[in-house]
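Asks: Each residue of the sequence shown is one higher than the last, beginning at 3 in the numbering used here. Every residue gets a Cβ at the ideal spot worked out from N, C-alpha and C, and that includes glycine. The model shown is predicted, which means the values in this text are computed figures rather than measured ones.
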Amino acid sequence: MEDLFVKHGSVAPSKVGEWITGKVIYPLWTRRDHPHYLRHAKQFSKTQFLSTTELEQLQMERLREQLIHAFRNISFYRRRFESEGITPLDIRTLSDLRYIPILTKKEIQDHAHEMVAQNQPATARIANQTGGSTGSPLQFWVDRERFDSRRASTDRHNSWAGLHPGQWYAHLWGSRFDTGTSTRPAITWRQRLLYRALTLNTSLISEQDLAEYVALLRRFRPRFMLAYAQSAVMFARYCEQENIRDIHFESIITTAEMLLPEQRQFLERIFKGKVFNRYGCREFSVIASECAYHTGMHINADALIVEIEPSPHAPQGTGKVIVTDLLNRSMPLIRYEIGDMASMSTGTPCPCGRSLPRISEISGRITDFLITPDQRRISGISLALLAGDMPEVRQMQFEQTDRWNIRLRVVPGRGFGHDTTEELRTRLEPYLRGMSNLSIETVDTIASEPSGKFRYVKTSAEVLGSCMTAGHE
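(1) Rounded to whole angstroms, how far is the Cβ of I361 from the Cβ of A344, which I believe are closer than 8 Å?
(2) Looking at D304 and Q50, is the spacing between their C-beta atoms short of 8 Å?
(3) Could you check whether A234 and L200 sit closer than 8 Å to each other, using their CB atoms as the reference points?
(4) How would you label G35, buried or exposed, when you count the other beta carbons within 10 angstroms and need 16 or more for buried?
(5) So, for E443: in the same chain, excluding its five sequence neighbours on each side, which residues have a beta-carbon less than 8 Å away from its beta-carbon?
(6) How many angstroms separate the CA atom of V288 from the CA atom of G168?
(7) Using DSSP with H/G/I as helix, E/B as strand and the rest coil, what is D145?
(8) In the DSSP assignment, find the beta strand (DSSP E) that holds Q131 and state where it starts and stops.
(9) Using three-state DSSP, classify L372 as helix, strand or coil.
(10) Leaving out five residues before and five after I88 in sequence, what residues of the same chain have Cβ atoms less than 8 Å from its Cβ?
(11) Straight-line CA distance for P224 to Q120?
(12) Check this for me: beta carbons of T257 and R239, under 8 Å apart or not?
(13) Report the CB separation of L328 from I310 in whole angstroms; it is logged as a contact under 8 Å.
(14) In chain order, what residues of the same chain lie with their CB nearer than 8 Å to the CB of E270, ignoring the 5 residues before and after it?
(15) Helix, strand or coil: which one does DSSP assign to L65?
(16) Could you check the C-alpha separation between D446 and V323 for me, to the nearest Å?
(17) Report back the beta-carbon spacing between R146 and A126 to the nearest angstrom; my notes put them in contact at under 8 Å.
(18) When the Cα of K107 is compared with those of Y338, H420, T374 and E431, which residue comes out closest?
(19) What do you reckon, are the CB atoms on Y39 and R153 nearer than 8 Å?
(20) Which residues in the same chain have their Cβ closer than 6 Å to the Cβ of L212, if we skip the five residues on either side of it in sequence?
(21) Roughly how many whole angstroms lie between the Cα atoms of I24 and P314?
(22) I need the straight-line Cα distance from D92 to L105, nearest angstrom please.
(23) Take the Cβ of T183 as the centre, count every other Cβ of all protein chains shown within 10 Å, and call the residue buried at 16 or more, exposed below.
(24) What residue range does the alpha helix (DSSP H) around D35 cover?
(25) Check whether the Cβ atoms of W143 and S347 lie closer than 8 Å to each other.
(26) Excluding the five sequence neighbours on either side, which residues of its own chain have a C-beta within less than 7 Å of the C-beta of P432, listed in chain order?
(27) Ends of the beta strand (DSSP E) at V2?
(28) What residue range is occupied by the uninterrupted beta strand (DSSP E) comprising L212?
(29) How big is the Cα-Cα spacing for S135 and F251?
(30) Under 8 Å by Cβ, that's how I've got I249 and F273 pegged, so tell me the actual separation to the nearest angstrom.
(31) Alpha carbon to alpha carbon, what distance is there between I70 and E109?
(32) I need the DSSP call for D157, collapsed to helix, strand or coil.
(33) Out of curiosity, what's the CA-to-CA distance linking S441 and F237?
(34) Suppose the cutoff is 6 Å on Cβ atoms and the five residues either side in sequence are ignored; what does the same chain contact list for I22 look like?
(35) I believe H42 touches S151 by the beta-carbon criterion, under 8 Å. Please report the beta-carbon distance rounded to the nearest angstrom.
(36) Express the C-alpha separation of Q131 and G137 in angstroms, rounding to a whole number.
Take a look at the structure:
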């Protein structure tokens, strides 16, 4: 078996092994364990090239079906519609969605048992949960057909970066929900025969783990990487530090965290491949991804509706991300506020020919903004960009506990000193006007969240609450 899947001498993946896995084993497995996968995969391959009018018609058809289902079979939504004095038939266009109240995370936590479809048996759904990036995990359910369609849409997005079933890829993942608690790189029979993922749990790793992972990559020579954005950056820095120059990837798919422009350039320089940024969450899986033209992230608009809700004090064109799942029948999330801020692309159509609308930028989570005394929101990632050309700053994180004081934690790089601190103050002060105190402290490390994700800004609930109150006055 070994010689079919890796060439002797550990030079490169076997083309025979890739073909057997991608064309034989993977299809047989999906047919047995994911019976709805193939049908959705064929649909998604076609619907991505529908005209804009045809795509909107498809969305409207699926939205109407979802709303009628929710009204008939889910007590939470039936009450929600009745309290607004509307029925699903009143939603005649996509813009009519605004008549349905936005769904919050707290509502799901408080009413989860009332949001599960009464016409589906428990065996038809799969429990899932968020990673708790904001300290408050969320449990929800996905029906088995939707689980299969999510896999199909993920494979579609992977294909835009050149990654297809059967091909080995480096998988740097920070969620213990997916990878468990072990950080030691290992290859199981499922990974060898099916998933083809060389997984490294990056939630807590040592340099020994990284060294072992390099050895694993040298053995299997995967041509692709799928990683938490900051995990990919961390690994690239390790390769640069250790003068490792033989780890290359054709494509680097980054997700789960903010990726700065200079970090994208750094990854492409170290790994000699193109970065394909991706946006998603546990509740909906992949929401949007870049194609080969990198003109923004194409939304899964044949399975989801994404709205950008204007937010007080946010930059023009930027707003809250609101998502409606058109296919999950077990526990539909209709107009769900994810907690992220983003903007849509309004430019020319993408040269790739896909009509799927595009997200131009993810500005971060709503909690990833500093709030000034005059109620301005400042994106943490925009502040991090100010240090993008400073190699003396390896990593940084802002913390705001009240409306006047900011603490900046810095993991120092080579050459960090007093001059670096003063330069940071000079660059930040124009943005932080009105705040009486900016303290800068150096630390050895900055911990990730329980989900394994890194946050550029940590803003207290008190500060966020005062901003939300002011926004509604």
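Replies: Reading off the structure:
(1) Working through the sequence shown from its first residue, we reach residue 361 at position 359. Working through the sequence shown from its first residue, we reach residue 344 at position 342. Going by Cβ atoms, the distance from I361 to A344 rounds to 5 Å, so yes, they are a contact pair.
(2) Indexing the sequence shown from 1 puts residue 50 at position 48. Indexing the sequence shown from 1 puts residue 304 at position 302. Yes, the pair counts as a contact, with Cβ atoms nearer than the cut-off.
(3) As a first step, residue 200 must be located in the sequence shown, where it is residue number 198. As a first step, residue 234 must be located in the sequence shown, where it is residue number 232. Going by C-beta atoms, L200 is not nearer than 8 Å to A234.
(4) Locating residue 35 in the sequence shown gives position 33, where the first residue counts as 1. A quick correction: the sequence has Asp, not Gly, at residue 35. By the neighbour-count rule (16 or more Cβ atoms within 10 Å), D35 is not buried but exposed.
(5) The sequence position of residue 443 within the sequence shown is 441, counting from 1. Cβ neighbours of E443 beyond the five flanking positions: R409, L410, R411 and V412.
(6) By 1-based counting over the sequence shown, the position of residue 288 is 286. By 1-based counting over the sequence shown, the position of residue 168 is 166. Approximately 20 Å, taken between the alpha carbons.
(7) Along the sequence shown, read from residue 1 onward, the residue named residue 145 stands at position 143. Looking at D145 - three-state DSSP - the assignment turns out to be strand.
(8) On the sequence shown, residue 131 is found 129 positions in, with the first residue counted as 1. Per DSSP, Q131 belongs to the beta strand (DSSP E) from R127 to Q131.
(9) The sequence position of residue 372 within the sequence shown is 370, counting from 1. Correct three-state label for L372: strand.
(10) Taking the sequence shown and counting its residues from 1, the one referred to as residue 88 is at position 86. So the qualifying residues of the chain are Y101 and I102.
(11) As a position in the sequence shown, residue 224 is number 222, starting the count at 1. As a position in the sequence shown, residue 120 is number 118, starting the count at 1. Cα-Cα distance, rounded: 45 Å.
(12) Sequence index remark: in the sequence shown, residue 257 carries index 255 (1-based). Sequence index remark: in the sequence shown, residue 239 carries index 237 (1-based). No, these two residues do not count as a Cβ contact at 8 Å.
(13) Position 326 of the sequence shown, counting from 1, holds the residue named residue 328. Position 308 of the sequence shown, counting from 1, holds the residue named residue 310. That belief does not hold up - the Cβ atoms of L328 and I310 are roughly 18 Å apart, past 8 Å.
(14) In the sequence shown, residue 270 corresponds to position 268, counting from 1. Correct list, in chain order: I254, K276 and V277.
(15) For the purposes of this step, residue 65 is identified with residue 63 of the sequence shown, where counting begins at 1. It is helical.
(16) In the sequence shown, counting from the first residue as 1, residue 446 sits at position 444. In the sequence shown, counting from the first residue as 1, residue 323 sits at position 321. Using only the alpha carbons, I get a separation of about 34 Å.
(17) Counting from 1 along the sequence shown, the entry for residue 146 is found at position 144. Counting from 1 along the sequence shown, the entry for residue 126 is found at position 124. Confirmed, Cβ separation roughly 6 Å.
(18) For this step, residue 107 is matched to residue 105 along the sequence shown. Closest by alpha carbon: Y338.
(19) Position 37 of the sequence shown, counted from the first residue, corresponds to residue 39. Position 151 of the sequence shown, counted from the first residue, corresponds to residue 153. The answer is yes: Cβ separation under 8 Å.
(20) Translated into the one-based positions of the sequence shown, residue 212 becomes position 210. The answer, listed in chain order, is Y240.
(21) The residue labelled residue 24 in the question sits at position 22 within the sequence shown. The residue labelled residue 314 in the question sits at position 312 within the sequence shown. For the sequence presented, residue 24 should be read as Gly rather than Ile. Rounded to whole angstroms, G24 to P314 spans 48 Å at the Cα level.
(22) Looking up residue 92 in the sequence shown gives position 90. Looking up residue 105 in the sequence shown gives position 103. Taking the straight line joining both Cα atoms gives about 19 Å.
(23) In the sequence shown, residue 183 corresponds to position 181, counting from 1. No answer about T183 holds up, because its pLDDT of 48 lies below 50 and its placement is not dependable.
(24) Looking up residue 35 in the sequence shown gives position 33. Residues Y28 to D35.
(25) As a working note, residue 143 is residue 141 in the sequence shown. As a working note, residue 347 is residue 345 in the sequence shown. No; because the gap between Cβ atoms is not below 8 Å, this pair is not in contact.
(26) In the sequence shown, the residue the question calls residue 432 occupies position 430. Result list for P432: empty, nothing under 7 Å.
(27) Coverage of the chain is limited to positions 3 through 475, which leaves residue 2 absent and any answer about it impossible.
(28) Here residue 212 corresponds to residue number 210 of the sequence shown, with the count starting at 1. Where L212 is concerned, there is no enclosing beta strand (DSSP E), although the alpha helix (DSSP H) it sits in stretches over E209 to F222.
(29) Counted from its first residue, the sequence shown places residue 135 at position 133. Counted from its first residue, the sequence shown places residue 251 at position 249. Low confidence applies to S135: its pLDDT is 49, below 50, so where it sits in the model is not reliable, and the reading given next is rough at best. Going by the C-alpha atoms only, they are around 29 Å apart.
(30) One-based indexing of the sequence shown puts residue 249 at position 247. One-based indexing of the sequence shown puts residue 273 at position 271. Between F273 and I249 the Cβ distance is about 7 Å, and since that is below 8 Å, they are a contact.
(31) The residue labelled residue 109 in the question sits at position 107 within the sequence shown. The residue labelled residue 70 in the question sits at position 68 within the sequence shown. If I take the Cα positions, the gap works out to 21 Å.
(32) Reading the sequence shown from its first residue, position 155 is the one you call residue 157. Here D157 sits in helix by DSSP.
(33) Start at 1 with the first residue of the sequence shown, and residue 441 comes out as number 439. Start at 1 with the first residue of the sequence shown, and residue 237 comes out as number 235. Roughly 29 Å separates the two Cα atoms.
(34) Along the sequence shown, one-based indexing puts residue 22 at 20. There are no such residues.
(35) Residue numbering aside, residue 42 sits at position 40 when the sequence shown is read from its first letter. Residue numbering aside, residue 151 sits at position 149 when the sequence shown is read from its first letter. Between S151 and H42 the Cβ distance is about 4 Å, and since that is below 8 Å, they are a contact.
(36) Counting from one through the sequence shown, the residue named residue 137 turns up at place 135. Counting from one through the sequence shown, the residue named residue 131 turns up at place 129. Bear in mind that a pLDDT of 46 at G137, under 50, signals an unreliable position, so the number given afterwards is only what the model happens to contain. When rounded, the distance between both Cα atoms is 13 Å.
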